[in-house]
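Chains as they are written, first to last, in the working numbering: chain A, 1176 to 1651; chain B, 3 to 128.
All remarks here apply to the structure that follows.
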Amino acid sequence: MGSLFSALDAAAQSIQAFERAINVTQNNVTNANSPGYANQVPQMISQDFQSSGGSTSGGVQEVTQDTRSVYADTAVQQQLSLQGMYQQLQTTLAPLQTVFDVSSSSAIPSALNQLFQSFSQWSTQPSNGNYQAGVLNAAQQVGSAFQQAAVQLGQIQASTTNDIQSTVAQINQDSAALQEFNQQIARDSQPNAGLNAQVESTLENLSGLANIQVLKGIGGTVTVLLGGQTPLVEGLQMNAIQAVNNTASNTANLGGAPNISIEDSNGNDITSQVTSGGLAGLLNVRNNLLPSLIGGGQQVGGLNTLAQGLADSINNVLTQGTTSSTPPYQAGSPLFTYNANAPAGIAGTLAVSSTITASQLAAANPGPPFVANGAALTLAGLDSSSPGPIQGQGFTQYFSSLTASVGNAVNNANTQATAQSQLVAQAQSLQQQVSGVSLDAQAIQLVQLQTSYQAASKVVTVIDQITQSLLTMIPG
Amino acid sequence: MENATQYGDAREYLQAARASMRQVKRLLSEPSAEAADESAALLRDVEVQLGCVAAILRQNGAKPHAEIRAGVEELQNEVAVLASFFAGADKMLSGWLDAIRSRRGGYTERGQAAPLMLVRKLSVEG
């Protein structure tokens, strides 16, 4: 039979258990708005009566339980990762629209328009000094416009590279913080809701930067894998990643900036593992979109293709033309120059030849038959000739296709970023709703929601088709 | 004059459709089957409203109308966001359910998450 002291001891323990339960509730109220905090539930467990030995008997014991759902946390992290990517794309792509402006008033199409107008005017009076000077001036404007665009794109490329470096630094910083949290968790004998909240908040921040997979260990320590493969944090160890110039991608020797690669702590290339998060958005712009415009280690880039195509086509007509009206015919001089040794830098070096004078512009086509304004007429119609001189397209049309590719990328990023913000809100709201709910109940709720969304989604598909057909019915 | 009135009707239908879309956006900020069902009903209204716009335009023939075209384009952007939202939500919920399924029932021979058997609790007495 238990002694009086053991009964008093049991009562005292019970009071302490209730006190701890009150503390847990108070903690929940205090941390209601703390990022990453999940409600803790005090569970009172009755202890067995022990009828012999006078040991502690009866009473209750308090065990604090975390209501966090690991699946909800994963869903939130995945959505944050996608949101991070699309928001980063939005931010990084926005300055590109100043170079590739849809309006015809932007620098390159406007300069091209003036150049072809000047050719047209010159063709009416080939020996008119003012018209010849007009051609030279317009050509200088074209050179300046291309050079300016190349400088702007170079600046965007440099700033994207810097952003990649700072994002990698942030990822390493968050990894270091998680390693420190793991050390604290390993030291603490009791679960610490505040510390867990800090871990979750850091994980959410890290998710916005890259696609991570989180594995929870005993006591709440975390193992964080980048792309499900490369360990960033493993227990008490942290592995830093780094962004480096991928010199292997520069074998074509085009004179463009090499791609940026992400390497793990052993120097292995893990770029392909980065598929979402802000870092993925930056890498996509830096390694794919920008090289397709301004060139890189493996491609010449659309702007350089345009600059070279324009210069070569015009120079070709002028050098086959003549400046004299009777034989022996004097060949014309090329109008444009560029650095052919660096194909990915042509737009940046496109300029009017420093040696050309107005009188060296060849307006005539020696034929036979000789046409006094033949070369000038050919030049005036070059942009609208069919098939066009660049991949079957005219110069203005080719620039428009580059503008369209940028515009589509911006539009897509805007659409996805807006939808993704709503999805993050959904995931966070669901995270709250399923907190402390059994897996079966979670599943029922999720299936109901999915079925309803699928039904609504079908109506959206129909509405999309109707809007498409409406637009074809209303001419622009 | 008749055309102007009819285009006015098309504008009104378009405005109503856009108002419904705004309401759908508000409803979908909260994840619940009720809100989703209500959204689906509103989207069906939008479908009907746009069908009316199409009928009016068909009656009037193909004529440029900047205001209506801009309205439809704006609506198309909102539809694109909504389509992207539903696709993303479906992917998220499927992934979440797969995780629960594999936790509850393991994996099938093909390596997929086992189907979830949700049965009501039975109380057996005697």
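Backbone N, C-alpha and C fix where the C-beta goes; we use that ideal spot for every residue, glycine too.
Just so you know, these numbers come straight off a predicted model, no measurement behind them.
Chain B contact for residue i (CB, 8 Å cutoff)
i: Q1629/A; result: yes
i: Q1254/A; result: yes
i: P1650/A; result: yes
i: D1439/A; result: no
i: Q1614/A; result: Before going on, a small fix: residue 1614/A reads as Leu here, not Gln. By this cut-off, L1614/A is an interface position.
i: A1250/A; result: yes
i: L1621/A; result: yes
i: S1604/A; result: yes
i: V1635/A; result: yes
i: I1638/A; result: yes
Residue i, DSSP secondary structure in three states
i: K65/B; result: coil
i: N1305/A; result: helix
i: I1190/A; result: helix
i: V1274/A; result: helix
i: S1529/A; result: coil
i: I1445/A; result: coil
i: Y1504/A; result: coil
i: Q1365/A; result: coil
i: I1346/A; result: helix
i: P1466/A; result: helix
i: T1642/A; result: helix
i: T1497/A; result: strand
i: M3/B; result: For M3/B, the predicted structure reports a pLDDT of 37, less than 50, and the residue's modelled location is therefore unreliable. A value from the coordinates is still provided. Looking at M3/B - three-state DSSP - the assignment turns out to be coil, as it is neither helix nor strand.
i: E32/B; result: coil
i: A1537/A; result: coil
i: N1425/A; result: helix
i: F1269/A; result: Note that residue 1269/A is Ala in the sequence shown, not Phe. Coil at A1269/A, not helix or strand.
i: G1542/A; result: coil
i: G1259/A; result: helix
is_contact[residue i, chain A] using C-beta, thresh 8 Å
i: Q78/B; result: yes
i: P117/B; result: no
i: D11/B; result: no
i: V50/B; result: no
i: R106/B; result: yes
i: E111/B; result: no
i: R60/B; result: yes
i: A35/B; result: yes
Alpha carbon of residue i to alpha carbon of residue j, nearest angstrom
i: V1460/A; j: S1319/A; result: 25 Å
i: T1497/A; j: P1544/A; result: 13 Å
i: E4/B; j: D100/B; result: Per-residue confidence for E4/B stands at a pLDDT of 43, beneath the threshold of 50, marking its modelled position as unreliable; no derived number is given.
i: Q1315/A; j: L1429/A; result: 25 Å
i: I1416/A; j: D1338/A; result: 15 Å
i: C54/B; j: S22/B; result: 15 Å
i: M1176/A; j: I1619/A; result: Confidence in M1176/A is poor, its pLDDT being 47 and thus under 50, which makes the residue's placement unreliable; the coordinate value appears in the next sentence. Approximately 50 Å between the Cα atoms of the pair.
i: A18/B; j: E49/B; result: 11 Å
i: V1635/A; j: R13/B; result: 21 Å
i: D1126/A; j: A1325/A; result: Because chain A spans 1176 through 1651 in this model, residue 1126/A falls outside it and cannot be assessed.
i: N1583/A; j: L84/B; result: 18 Å
i: A150/B; j: R103/B; result: Any property of residue 150/B remains undetermined from this structure, which presents chain B solely from 3 to 128.
i: V1612/A; j: A1250/A; result: 16 Å
i: G1381/A; j: A1616/A; result: At residue 1381/A the sequence reads Leu, which differs from the Gly that was named. If I take the Cα positions, the gap works out to 30 Å.
i: T1287/A; j: Q1572/A; result: Residue 1287/A is actually Leu in this sequence, not Thr. Rounded to whole angstroms, L1287/A to Q1572/A spans 11 Å at the Cα level.
i: Q1643/A; j: I1489/A; result: 41 Å
i: Q1258/A; j: G90/B; result: 11 Å
i: L1311/A; j: A1486/A; result: 13 Å
i: V1399/A; j: G1456/A; result: 20 Å
i: S1674/A; j: N1420/A; result: In this structure chain A extends from 1176 to 1651, so residue 1674/A is not present and cannot be described.
i: T1480/A; j: I1565/A; result: 8 Å
i: F1654/A; j: S1376/A; result: Past the boundaries of the shown model lies residue 1654/A; chain A is included only from 1176 to 1651, so the question cannot be answered.
i: S1576/A; j: M1413/A; result: 46 Å
i: A1372/A; j: Q1606/A; result: 14 Å
i: V1609/A; j: Q1253/A; result: 17 Å
i: S1580/A; j: L1464/A; result: 9 Å
i: D11/B; j: L1645/A; result: 15 Å
i: E1409/A; j: Q1354/A; result: 8 Å
i: L1478/A; j: I1331/A; result: 15 Å
i: A1631/A; j: V26/B; result: 10 Å
i: V1274/A; j: V1585/A; result: 13 Å
Contained beta strand (DSSP E) runs [length at least 3] in the segment 1600-1625 of chain A, N- to C-terminal order = none
ask   = For the segment 82-93 of chain B, which residues have a beta carbon sitting closer than 8 Å to at least one beta carbon of chain A?
value = A82, V83, L84, A85, S86, F87, F88, A89, G90, A91, D92
request  = Taking only runs that begin and end inside the segment 47-113 of chain B, name each unbroken alpha helix (DSSP H) of 4 or more residues, in chain order.
outcome  = Runs of the alpha helix (DSSP H) lying entirely within the segment 47-113 of chain B and spanning at least 4 residues, in chain order: 68-107.
request  = Enumerate, from N- to C-terminal direction, the unbroken beta strand (DSSP E) stretches of 3 or more residues contained entirely within the segment 1359-1420 of chain A.
outcome  = 1387-1391, 1397-1401, 1405-1409, 1417-1420
message = Which residues of the segment 1571-1587 of chain A have a Cβ closer than 7 Å to any Cβ of chain B? Give them in chain order.
response = none
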